[in-house]
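Down below is the structure, laid out as structure tokens.
Numbering (my numbering), first residue to last: 64 to 288.
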């Protein structure tokens with residue numbers, strides 16, 4: 064859902080940073096790396112300490128690098144296969160750091176439901192990774208696994224915004240509810256993508272088998288006993 068607003072952020076809000084980094088000669092890959100390091104540092108340093116609001120603000124300062132690097136590459140007319148791989152790989156590190164930092168926060172908290180939300184955070188982390196992997200693997204097979212309820216932008220923005228607001232107004236229920244929603248959304252998205260790929264794969268396999276059968280039964284096919 065939030066991916067629909069990517070053009071506005073890249074073309075309007077973040078464009079001054081894009082032009083500035085290009086002027087300085089900074090490469091998109093460098094922006095990707097620095098952004099990931101900043102996100103991981105903010106999540107793994109501040110969240111386990113219980114400084115949720117500071118952590119969210121720190122992460123927010125770096126998380127937009129994921130939009131800036133792509134816009135920089137297009138402005139520079141760079142079509143880098145490695146850049147795409149680099150960006151996707153570091154995205155997984157950033158995602159893991161955010162949910163891993165929250166898991167460490169719950170591990171260090173003595174509230175009654177800490178263990179429950181520790182497990183729920185790990186579940187969101189794993190299912191979020193599976194969501195991204197399912198799409199990547201499907202595309203490597205020439206299939207389409209896009210769609211579902213929880214794209215990467217939706218997951219990150221929702222958990223960061225609600226964690227920050229919960230810390231700001233002392234309403235941790237906002238973070239708790241978001242984790243439950245993400246758990247359901249991630250589960251649905253994984254099931255949706257697996258089923259979508261399954262239907263495409265079955266159709267492709269049936270088409271291949273039909274083509275092979277037609278080839279074996281054609282005029283040049285050897286006689287059968």
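Where is the CB? At the ideal position from N, CA and C, for every residue including glycine. Computed from a predicted model, the values in this text were never measured in an experiment.
Check                                                                                                                                                      : Outcome
Across the segment 94-107 and the segment 119-133, are there enough close Cβ pairs to call them in contact, namely three or more that are closer than 8 Å? : yes
Please state whether DSSP places residue 123 in a helix, a strand or coil.                                                                                 : helix
Would you call the segment 102-109 and the segment 152-161 touching, i.e. three or more CB-CB distances under 8 Å?                                         : yes
Once you ignore the five residues that flank residue 122 on each side, which residues in its own chain have a CB closer than 8 Å to its CB?                : 101, 102, 105, 106, 161 and 223
Buried or exposed: which applies to residue 137, given that a residue is buried once 16 or more other Cβ atoms fall within 10 Å of its Cβ?                 : exposed
In three-state terms, what does DSSP make of residue 288?                                                                                                  : Any reading at residue 288 needs caution, since the residue's pLDDT is 42, under 50, leaving its predicted position unreliable; the model's value is listed next. Residue 288 falls in the coil class under three-state DSSP.
Note the first and the last residue of the continuous alpha helix (DSSP H) segment covering residue 181.                                                   : 177-203
I believe residue 213 touches residue 245 by the beta-carbon criterion, under 8 Å. Please report the beta-carbon distance rounded to the nearest angstrom. : 6 Å
Unbroken alpha helix (DSSP H) runs of length 4 or more, entirely within the segment 197-278: which are they?                                               : 215-231
Measuring CA to CA, which of 142, 172, 255 and 234 is closest to residue 198?                                                                              : 255
From residue 126 to residue 235, what distance separates their C-alpha atoms?                                                                              : 22 Å
Could you tell me whether the Cβ atoms of residue 135 and residue 89 are closer together than 9 Å?                                                         : yes
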